[in-house]
Amino acid sequence: MWEASRKDCSHQLVTAHDVLDDVDEGVAARARARNSWLAIHVVLQGGDYTHILDTDAWIASTDNSNFWRVVEVTEVVSIVDLLPEPKRSAVKKLMVPLLGEWVPVEQVPYTDSFPVKIYQPKNAIPDGWFWLGHSADRSRALIVKPTLPRKTGRNYALANGKSGAGISNQPWPALPRYEFLSTYFSGFDPSTRLGETIAAMRPGLFLEGDWKLVGDDINTLCYITSPKQHEGEEDECLNLQSVIQLKLPGSPDDNPPKPRWAIRKNAVLFDSGEK
Numbered sequence: 001m002w003e004a005s006r007k008d009c010s011h012q013l014v015t016a017h018d019v020l021d022d023v024d025e026g027v028a029a030r031a032r033a034r035n036s037w038l039a040i041h042v043v044l045q046g047g048d049y050t051h052i053l054d055t056d057a058w059i060a061s062t063d064n065s066n067f068w069r070v071v072e073v074t075e076v077v078s079i080v081d082l083l084p085e086p087k088r089s090a091v092k093k094l095m096v097p098l099l100g101e102w103v104p105v106e107q108v109p110y111t112d113s114f115p116v117k118i119y120q121p122k123n124a125i126p127d128g129w130f131w132l133g134h135s136a137d138r139s140r141a142l143i144v145k146p147t148l149p150r151k152t153g154r155n156y157a158l159a160n161g162k163s164g165a166g167i168s169n170q171p172w173p174a175l176p177r178y179e180f181l182s183t184y185f186s187g188f189d190p191s192t193r194l195g196e197t198i199a200a201m202r203p204g205l206f207l208e209g210d211w212k213l214v215g216d217d218i219n220t221l222c223y224i225t226s227p228k229q230h231e232g233e234e235d236e237c238l239n240l241q242s243v244i245q246l247k248l249p250g251s252p253d254d255n256p257p258k259p260r261w262a263i264r265k266n267a268v269l270f271d272s273g274e275k
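Anchor point for the sequence shown: position 152 equals 152 in the UniProt record's numbering, and the numbering is continuous, going up by one each time.
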């Protein structure tokens with residue numbers, strides 16, 4: 001096993017799988033010009049496994065870096081932090097999956113019988129933007145837009161809805177494991193633009209929330225979902241107070257809502273500085 005601390009990012013370490021590339025000399029030069037050095041601590045081990053039964057040959061092979069395997073890397077600095085402004089800010093914006101904007105709301109028509117008022121965006125949703133679901137919060141609604149366009153092979157941040165099977169009037173995410181934040185309080189008609197303006201989020205952008213049941217009529221029972229209290233800042237979520245209607249008979253405690261999620265704060269970038 002070898003341990004080494006590098007303070008010059010212009011060198012190269014090669015693993016057995018040839019996947020650990022060097023940082024280019026230009027980045028190193030810019031780092032040195034700012035009196036900012038990369039201090040990367042690397043632990044390496046290994047030799048030619050084909051000589052494992054021949055101890056002397058295996059030991060001799062450990063001098064060849066082609067057989068080294070990295071087992072630990074610490075004190076790593078993100079390459080994006082080495083970029084000068086304004087490039088650094090532009091790249092970091094692209095690393096956030098969603099752009100967000102708060103918009104005015106209105107009550108959803110024909111929902112007066114429900115035990116909680118239900119709201120939706122008041123104005124038409126702009127092209128390229130999506131809405132994540134009905135809310136009990138009367139102050140504002142969140143619409144979002146992916147920071148990167150859809151591309152084959154890319155883990156797309158949002159998926160459209162599609163018509164549910166059987167008698168369900170609820171849309172379903174078009175991609176597996178994607179989730180809506182709430183249920184919908186009108187029929188889902190694929191011939192309308194509804195499927196182009198509502199969206200489900202990819203795994204990793206949301207966490208399970210806390211939900212409370214409101215109402216006493218099985219036909220109008222609803223859950224309101226809010227974020228859980230999390231210790232880490234990375235798990236802090238936006239409080240959208242999503243509304244989920246209970247459809248199944250029986251004890252509500254035995255039928256937790258399928259959409260029971262809260263969206264992570266760090267998944268959304270607000271250009272205006274709002275949160």
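Built from N, CA and C at the ideal position, the CB exists for glycine as well. Note that this is a predicted model, so its numbers are computed, not measured.
Where do the N-terminal and C-terminal ends of the alpha helix (DSSP H) with I59 fall, by residue?
For the purposes of this step, residue 59 is identified with residue 59 of the sequence shown, where counting begins at 1. Here the alpha helix (DSSP H) through I59 covers 55-61.
Pull the bridge partners of Y223 from the DSSP assignment, please.
Taking the first residue of the sequence shown as position 1, residue 223 is located at position 223. Partner(s): L213, I244.
Select from S135, D48, R138 the residue whose C-alpha is nearest the C-alpha of F67.
The residue given as residue 67 occupies position 67 in the sequence shown. F67 has its Cα closest to that of D48, out of S135, D48, R138.
Span of the alpha helix (DSSP H) holding L207?
Counting from 1 along the sequence shown, the entry for residue 207 is found at position 207. Note, L207: premise wrong, no alpha helix (DSSP H); beta strand (DSSP E) at 206-208.
If you draw a straight line from the alpha carbon of Q245 to that of V108, how long is it in whole angstroms?
Working through the sequence shown from its first residue, we reach residue 245 at position 245. Working through the sequence shown from its first residue, we reach residue 108 at position 108. Using only the alpha carbons, I get a separation of about 14 Å.
Buried or exposed for Y119, going by 16 or more other Cβ atoms inside 10 Å?
Taking the first residue of the sequence shown as position 1, residue 119 is located at position 119. Y119 should be labelled buried.
Given a threshold of 16 other Cβ atoms within 10 Å of its Cβ, counted over all protein chains shown, does G208 qualify as buried or as exposed?
Looking up residue 208 in the sequence shown gives position 208. Looking at the sequence shown, residue 208 is not Gly but Glu. So E208 ends up on the exposed side.
By the 10 Å Cβ neighbour count, where 16 or more other Cβ atoms means buried, how is A60 classified, buried or exposed?
The count along the sequence shown starts at 1 and reaches residue 60 at position 60. Per the 10 Å Cβ criterion, exposed.
Quick one: residues in its chain with C-beta nearer than 7 Å to the C-beta of T183, no 5 flanking neighbours on either side, listed in chain order?
Locating residue 183 in the sequence shown gives position 183, counting from the first residue. Hits under 7 Å: Q170, I244, Q245, P259.
Mind checking H230: buried by the 16 CB within 10 Å criterion, or exposed?
Against the sequence shown, residue 230 aligns to sequence position 230. Exposed is the call here.
Would you report the Cα separation of R34 and V105, rounded to the nearest angstrom?
To locate residue 34, count along the sequence shown from 1; it is residue 34. To locate residue 105, count along the sequence shown from 1; it is residue 105. In this predicted model, R34 has a pLDDT of only 44, less than 50, meaning its place in the structure is not dependable enough to derive any value.
For V268, which residues does DSSP report across the bridge?
As a working mapping, residue 268 is identified with position 268 in the sequence shown. Answer is L98, bridged to V268.
DSSP on Y178, reduced to helix/strand/coil?
The residue labelled residue 178 in the question sits at position 178 within the sequence shown. Of the three classes helix, strand and coil, the one that applies to Y178 here is coil, per DSSP.
Can you give me the start and stop residues for the beta strand (DSSP E) that K145 sits inside?
Stepping through the sequence shown from its first residue, residue 145 is reached at position 145. Where K145 is concerned, the enclosing beta strand (DSSP E) stretches over 141-146.
Quick one: measure Cβ to Cβ for K117 and A136, integer angstroms, because I've assumed they're closer than 8 Å.
To locate residue 117, count along the sequence shown from 1; it is residue 117. To locate residue 136, count along the sequence shown from 1; it is residue 136. That pair is a contact at about 7 Å.
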